[in-house]
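Asks: Structure in structure tokens, see below.
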């Protein structure tokens, strides 16, 4: 969780200082949230399959 927070804050900082555009920063944040939920679903599925075996 900590690493995702740091990456999110870094993306916001880069967007605010105009290193990247605001639209690119928003796209990166959406992708970061998608990765976070995607890995959560993968871990839950793995634990479920492991429990069934």
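Residue numbers (our numbering): 26 to 78. We put the CB at the ideal spot given by N, CA and C, even for glycine. None of these values were measured; they are calculated from a predicted model.
At a cut of 8 angstroms, does the stretch 42–53 reach the stretch 70–78 through at least three beta carbon pairs?
Replies: In short, these stretches do not touch, since the Cβ pair count stays below three.
Asks: DSSP three-state label for residue 26, please.
Replies: Sequence index remark: in the chain shown, residue 26 carries index 1 (1-based). In the structure shown, residue 26 sits in coil (DSSP, three-state: anything other than H, G, I, E or B).
Asks: Put residue 44 into one of helix, strand or coil per three-state DSSP.
Replies: Position 19 of the chain shown, counted from the start, is the residue given in the question as residue 44. Coil at residue 44, not helix or strand.
Asks: Any idea if residue 36 is buried or exposed, counting beta-carbon neighbours within 10 angstroms, 16 or more meaning buried?
Replies: As a position in the chain shown, residue 36 is number 11, starting the count at 1. Buried, since its Cβ has 16 or more Cβ neighbours within 10 Å.
Asks: Suppose contacts are defined by Cβ-Cβ distances below 8 angstroms. Is residue 57 in contact with residue 27 by that definition?
Replies: Stepping through the chain shown from its first residue, residue 57 is reached at position 32. Stepping through the chain shown from its first residue, residue 27 is reached at position 2. No, Cβ-Cβ distance for residue 57 and residue 27 is not below 8 angstroms.
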